[in-house]
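Below is one structure, written out as structure tokens; the observations come after it.
Residue numbers (my numbering): 328 to 642.
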């Protein structure tokens, strides 16, 4: 199926823009400038999300010389049913707390959970496995804070988009490996799960669909910094054993280079006996699920995530 005609002009506009610099620091500055000027391609096509009872930022101690990260905590109205660790996208080299703000509000208000939006450290300054370790530490911290904040430490979900989906799967693998707090649900949206780029969709949608193969190569190379792309925490699809992982909601965009990763991981989890809900949205590209003000299917996607989190933490 071709790209949804409602978003085709946006996709064309994105690809007509000058190429972004292949330098993480310069690109972060460019993205910040565009956001400040209100020039992001998606800005006029998203719905505002509901208000929540409280938003506070806290610091978490992590390993390494720059051993501190920020988390933004969203509290719903009323007693929380549980919590969710939210991991933003950005190819492991970009992304901020603000990028996951709308999704965090939607899940906190809609599912009635505390959402902890994690500002994990980024490559190239902090390459693999530092972002994954930061996210796992955030999961531990969320479990530790349960009594203070008022939710059950055994009712914690984890989820993210794109690189955040990769990191969410990695966190679950680390929890299994280390005997740490195991999420009740992993929400993997447009996830990149095989950093060897072996999925056939990498070639099928190599150009012209927002995320390009060249872009994918750059962010993966920057993140790995020469390390093994088959390491299971980098590429969860290369994990030899997926048994014992938490139930998964995997949501994919049809016209996306990493769509094949989502299909393959859903199949492998199911084969390992892990409950999986898999949904691929036709005509969507990488990131178009954010266009909730333009696409009814994007609103359906958001509701699918919110409802899955609500159901998982209330089991």
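Think of the CB as a built atom: it goes at the ideal place given N, C-alpha and C, for glycine as much as any other residue.
Cutoff 8 Å: residue i Cβ touching any chain B Cβ
i, result
"residue 616", "The structure shown contains no chain B; it holds only a single protein chain."
Residues that DSSP places opposite residue i in a beta bridge
i, result
"residue 411", "442, 484"
"residue 582", "612"
"residue 333", "The partner list for residue 333 (beta bridge, DSSP) is empty, contrary to what the question assumes."
"residue 576", "514, 604"
"residue 503", "DSSP lists no partner for residue 503."
"residue 383", "400"
"residue 388", "395"
Selection from the options that minimises the alpha carbon distance to residue i
i, options, result
"residue 602", "629, 618, 639, 627", "639"
"residue 446", "537, 502, 388", "388"
"residue 328", "536, 478, 502", "536"
"residue 413", "405, 401, 597, 420", "401"
"residue 579", "547, 627, 420", "627"
"residue 658", "420, 425, 371", "In the structure displayed, the chain extends from 328 to 642; residue 658 sits before or after that span and is not available."
"residue 497", "457, 473, 344, 346", "457"
"residue 333", "629, 612, 636, 479", "612"
"residue 505", "624, 567, 429, 467", "467"
"residue 620", "340, 352, 345, 371", "371"
"residue 495", "473, 573, 424, 558", "573"
"residue 489", "350, 415, 547", "415"
"residue 453", "596, 392, 430, 539", "392"
"residue 395", "384, 404, 360", "384"
"residue 399", "432, 418, 352", "432"
"residue 599", "554, 567, 623, 629", "567"
Enclosing alpha helix (DSSP H) for residue i [first to last residue]
i, result
"residue 290", "Outside the displayed range of the chain (328 to 642) lies residue 290, so it cannot be described from this structure."
"residue 378", "No alpha helix (DSSP H) holds residue 378; DSSP gives it neither H nor E."
"residue 620", "That residue, residue 620, is in no alpha helix (DSSP H); it is neither H nor E in DSSP."
"residue 550", "540–551"
"residue 529", "528–531"
DSSP three-state assignment for residue i, whether helix, strand or coil
i, result
"residue 467", "helix"
"residue 452", "coil"
"residue 419", "coil"
"residue 458", "helix"
"residue 474", "helix"
"residue 495", "helix"
"residue 447", "coil"
"residue 368", "Low local confidence applies: a pLDDT of 49 at residue 368 is under 50, so the model's placement there is unreliable, and no value is given."
"residue 328", "coil"
"residue 632", "helix"
"residue 559", "coil"
"residue 638", "helix"
"residue 569", "coil"
Are there three or more Cβ pairs, one per stretch, closer than 8 Å when the segment 403–411 is compared with the segment 436–455?
-> Touching, yes.
Give a yes or no on contact between the segment 518–534 and the segment 555–562, applying the rule of three or more CB pairs nearer than 8 Å.
-> yes
Decide if the segment 575–594 is in contact with the segment 526–535; the criterion is three or more beta carbon pairs, one per stretch, under 8 Å apart.
-> yes
If you pair each beta-carbon of the segment 427–437 with each one of the segment 373–381, do three or more pairs fall below 8 Å?
-> Segments in contact, yes.
The segment 463–475 / the segment 543–553 touching (three or more Cβ pairs under 8 Å) = no
The segment 470–483 touching the segment 499–519, judged by at least three CB pairs closer than 8 Å | yes
Using 8 Å as the threshold, is the segment 592–599 in touch with the segment 614–629, meaning 3 or more CB pairs across them?
-> no
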